[in-house]
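In the working numbering, the protein residues as written are 1053 to 1217. Glycine is no exception: its CB is placed at the ideal position from the N, C-alpha and C atoms. Please read the structure below before turning to the comments.
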Amino acid sequence: MDSTDTEGTDTQHVSDSIVVRYPTPTQEDLHRLNEYLTARGWVIEDFGHPGSKDGIDPESGWRYSASYAGVAMNQIDDVTPGPLLCFFRLECGAGRDPELAVISAGNYGGCAAHIQAEWQFSPGEGNEVRLADLSTLLDKLEPTARSLNPRELVECRFFGPCGQS
1053 MDSTDTEGTD TQHVSDSIVV RYPTPTQEDL HRLNEYLTAR GWVIEDFGHP
1103 GSKDGIDPES GWRYSASYAG VAMNQIDDVT PGPLLCFFRL ECGAGRDPEL
1153 AVISAGNYGG CAAHIQAEWQ FSPGEGNEVR LADLSTLLDK LEPTARSLNP
1203 RELVECRFFG PCGQS
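Written out as structure tokens, the structure reads:
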């Protein structure tokens, strides 16, 4: 598989050197991850949490700004299709480790092609997550997120899963 994304960034070589440490990512980890994601076209999404002094907070995350070809949409809970997201889930509950999560662009409900899916990257050996796997996933999800038509997703959401009418 070619490890170069559509923007020309060599994702495999960049991501091999990026490590996120647990249980709480350090500011250094967050800065490296932020630099990596923003180079791919992602922006910080605060999810209602105020940023830290340097603007990167582990309670925040990132949104792929090119989702839906960059079309701006008014946000209506449970209606507006969601963009491609990446964030830390730090409070996982009984016996679960914190994890880095990615949610695909899509609907909260609908057909298999339009519903959101989630991937988790839990800490492995040494309580670290190497982001080579994240790069491979983003290389697949980013082009899909860019190509999605929000109107088709809204129709799927309101008129039933595609192909079932």
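Assigned secondary structure, residue i (DSSP; H/G/I helix, E/B strand, else coil)
i	result
Gln1168	coil
Val1123	coil
Leu1190	helix
Leu1082	helix
Leu1152	strand
Leu1089	helix
Leu1208	According to the sequence provided, residue 1208 is Cys. The question's Leu does not apply to it. Three-state result, Cys1208: helix.
Residue i - partner residues in DSSP beta bridges
i	result
Tyr1116	Trp1094
Gly1134	Gly1158
Ala1184	BP columns for Ala1184 are empty, so no partner.
Phe1139	Gly1113, Ala1153
Phe1173	Leu1152
Where residue i falls, given that 16 or more other Cβ within 10 Å makes a residue buried
i	result
Val1181	buried
Ala1169	exposed
Gly1060	Because the pLDDT of Gly1060 is 40, which lies under 50, any placement of that residue in the model is unreliable, and the number read from its coordinates should be weighed accordingly. It counts as exposed.
Asn1159	buried
Gly1162	buried
Ser1156	buried
Phe1140	buried
Ser1199	exposed
Glu1194	buried
Ala1121	exposed
Asp1081	buried
Val1095	exposed
Val1154	buried
8 Å contact criterion, which residue i and residue j should meet: CB distance rounded
i	j	result
Ser1112	Glu1097	6 Å
Pro1135	Ala1197	7 Å
Cys1138	His1166	Their Cβ separation, rounded to whole angstroms, is 20 Å, which puts Cys1138 and His1166 out of contact at 8 Å.
Residue i CB to nearest heavy atom of the ligand ATP below 6 Å
i	result
Pro1135	The ligand ATP is not part of this structure, which contains no ligands at all.
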